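According to this note's numbering, the sequence shown is numbered sequentially starting from 276.
Glycine included, each C-beta is placed from N, C-alpha and C at the ideal position.
Fair warning: this is a prediction, and the values are worked out from it, not measured in the lab.
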Amino acid sequence: MPEVPGHTVPRWLVNRRKRPDAAIRLYCFAHSGGSAAEYVRWGDDVPGIEVWGVQLPGRGSRFDDPQYTRVGPLVHDLVEQDAFRAPFAFFGHSLGALLAYETARALRERGLPGPERLLLSACPAPHRPRGLPPIHHLGDRELFAAVQGEYGSLPDQVAEDPELLAIMMASHRFDFEMVDSYRHTPGEPLDLPLHVFGGTEDRLPAEELARWQGHSRGPFALNLLPGGHFYLREHRAALLALIRAALTDHPPAGPPADPLSPDL
């Protein structure tokens, strides 16, 4: 989208390793409270793929931008204000899986080029209940305790610094409100392959993750790796091997560490 005089177009897409000759680009959507920085680092370890992160407002280079509380307006602005360079695929973890899925639908509705594949991680299918009570209304310390109790994803030292705690909980609060308020609008399934990933110790069992299959007419594959909701940090190399195989149509060099990988 071209810039209008006096108006700065938000920079949604960030990258740290350019690969102009890459066969495909992978655009990554982060989890609640997460930032693109965690995912763009993957570009160091997936030769032949150019990795981009979708930078939501309120973090990283967009720290001062107003944050979203609803999925629909966020996806609308992303599609209107930035462009994905084909050929490409989407990866999304947790909240990011919902955003990747809804962005793919929005691109289709506008007649724009869409992803060749969707890679979705640790998220219930969009028509299914989340299964957790809303937490976005909690105060900073209560929200921190709730996130740690469910996911254990934050350094404990965050709670010792009120200023840092307030900053980190702000992005979590807005993102959790997006999750808590999300309601799926039924529509035609997508026409592309779906690759779904999860952790064997996450609260989402394989049969729940498999419900994504109804949202595409294309091939479907489910892979589970050891670990909880953030299995992708514990078994990053194994996940990246599966991602690279999915995007390049080459099998991984070796099996993931202790995988349970039912293809449904």
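Tell me which residues share the same chain as LEU288 and place their Cβ nearer than 6 Å to its Cβ, disregarding the 5 neighbours each side in the sequence.
TRP327, ASP357
Going by alpha carbons, who is nearest to GLY493 out of GLU463, TYR457, GLY371, ARG300?
GLU463
Apart from the five residues just before and just after HIS402, which ones in its own chain have a Cβ nearer than 7 Å to its Cβ?
HIS459
Run of the alpha helix (DSSP H) containing PHE449, from where it starts to where it stops
437–456
What is the DSSP secondary structure of PHE419, counted as helix, strand or coil?
helix
Cα separation between PHE505 and ASN290?
22 Å
How many whole angstroms separate the CB atoms of LEU543 and ALA379, which I take to be in contact at a CB cut-off of 8 Å?
No statement about residue 543 is possible, as the shown extent of the chain runs from 276 to 539 and does not include it.
Counting C-beta neighbours from all protein chains within 10 Å, is the total for PRO408 16 or more, i.e. buried, or is it exposed?
exposed
Give the range of the alpha helix (DSSP H) segment to which GLU556 is assigned.
Any question about residue 556 goes unanswered here, given that the chain covers just 276 to 539.
Where does HIS412 fall in DSSP's three states?
coil
Of the choices GLU417, TYR314, GLY489, whose alpha-carbon is the least far from that of PHE366?
TYR314
Which value, in whole angstroms, describes the spacing of the CA atoms of PHE419 and HIS306?
15 Å
Which same chain residues, not among the five before or five after TYR343, have their C-beta less than 6 Å away from its C-beta?
Excluding sequence neighbours, TYR343 sits near LEU349.
Counting along the chain, where does the beta strand (DSSP E) carrying TYR302 start and finish?
299–304
Classify GLU325 as helix, strand or coil using the three-state DSSP reduction.
strand
Sort out for me which residues DSSP pairs ALA364 with in a bridge.
Paired residues: LEU301.
Excluding sequence positions up to five away, which residues of its chain have a Cβ less than 6 Å from the Cβ of ASP339?
If you ignore the 5 residues before and after ASP339, its C-beta comes within less than 6 Å of no other C-beta in its own chain.
Am I right that ASP415 and MET444 are in contact with their C-beta atoms under 8 Å? What's the rounded C-beta distance?
4 Å
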